[in-house]
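As numbered in the UniProt record's numbering, residues 1 to 149 make up the sequence shown, in order.
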Amino acid sequence: MFRRRFLAELGSVGGAIAVAGCSGPSNGASGTSTPSLDEIKENASAVKHESLYRDNSQYKGEYVVFEDVYIADIVTSDDGLHEYIIGVPQDGLFDDDYLWGTWTGDPYRENDQITLWGKVTGLHEYDTLGGNKTVPELELVDIKLLDSA
């Protein structure tokens, strides 16, 4: 008896889920469109590294631009995926700030000066000789080479 009632209730829930799944757009679109590269570049925010690091959740999913930065280190470069540590020079300070960037385009070399556009994906922790470091992470959508190494 209990099994029949359970299966009957399960059937009702399954039916409700099936009907609910049919109420979305018929073309499979989620209602949001992916912006073009030109739109991303035009609307990307120029943010300070400090703000991006401290208020990272506020920027997550947003597009940002960093001008006149450099490839500080190439972490990996396999199968078309490149992971870079990107140096962000600080005016008058001896220590640069850093970003973690993933890129699927043409490779760049260490010390290349670039402007980059990317989508903030969160924070990334990596190991250094001095311990762990946490930096803002970007999924890079475009890179403009300013000066090659």
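Where is the CB? At the ideal position from N, CA and C, for every residue including glycine.
Keep in mind the model is a prediction, meaning the values are calculated, not measured.
Have a look at the DSSP bridge pairing and note the partners of S77.
Locating residue 77 in the sequence shown gives position 77, where the first residue counts as 1. DSSP lists H82 as partners of S77.
Taking 8 angstroms as the threshold, find out whether the region 110 to 117 comes into contact with the region 127 to 136 through three or more Cβ pairs.
no
At which residues does the beta strand (DSSP E) containing D127 begin and terminate?
Here residue 127 is taken as the residue at index 127 of the sequence shown, counted from 1. Segment Q113 to T128, the beta strand (DSSP E) holding D127.
In whole angstroms, what separates the C-alpha of D91 from that of V69?
The count along the sequence shown starts at 1 and reaches residue 91 at position 91. The count along the sequence shown starts at 1 and reaches residue 69 at position 69. If I take the Cα positions, the gap works out to 12 angstroms.
Identify every residue that forms a DSSP beta bridge with G105.
Position 105 of the sequence shown holds residue 105. None, per the DSSP bridge assignment.
What residue does the beta strand (DSSP E) around K41 start on, and which one ends it?
Sequence index remark: in the sequence shown, residue 41 carries index 41 (1-based). Segment L37 to N43 is the alpha helix (DSSP H) holding K41; no beta strand (DSSP E) there.
Have a look at H82 and P107 and give me their C-alpha separation to the nearest angstrom.
Within the sequence shown, numbered from 1, the residue matching residue 82 stands at position 82. Within the sequence shown, numbered from 1, the residue matching residue 107 stands at position 107. Roughly 7 angstroms between the two C-alpha positions.
Using CA coordinates, which residue listed in E125, W100 and G131 is at the minimum distance from K119?
Here residue 119 refers to the residue found at position 119 of the sequence shown. Closest by alpha carbon: W100.
Below 8 angstroms on the Cβ atoms is my guess for T121 versus K41; work out the distance and round it to an integer in Å.
Reading the sequence shown from its first residue, position 121 is the one you call residue 121. Reading the sequence shown from its first residue, position 41 is the one you call residue 41. Incorrect: roughly 18 angstroms between the Cβ atoms, too far for contact.
Between the Cα of T104 and those of D73, I143, I71 and S36, spot the shortest distance and give me the residue it belongs to.
Start at 1 with the first residue of the sequence shown, and residue 104 comes out as number 104. Nearest C-alpha to T104: I143.
Evaluate L116 with the Cβ neighbour count: other Cβ atoms within 10 Å of its Cβ, from every protein chain shown; 16 or more gives buried, anything less gives exposed.
As a working note, residue 116 is residue 116 in the sequence shown. Answer is buried; the Cβ neighbour count reaches 16.
Buried versus exposed, by CB contacts within 10 Å (16 or more), A46
Taking the sequence shown and counting its residues from 1, the one referred to as residue 46 is at position 46. When all chains shown are included, A46 counts as exposed.
Using DSSP with H/G/I as helix, E/B as strand and the rest coil, what is E62?
Numbered from 1 along the sequence shown, position 62 holds the residue referred to as residue 62. Three-state result, E62: coil.
Less than 7 angstroms between C-beta atoms, sequence neighbours within five positions excluded: which residues of the same chain meet that for A149?
Looking up residue 149 in the sequence shown gives position 149. Answer for A149: R109, E110, N111 and D112, listed in chain order.
Helix, strand or coil for E110? Go by DSSP, reduced to three states.
In the sequence shown, counting from the first residue as 1, residue 110 sits at position 110. Coil.
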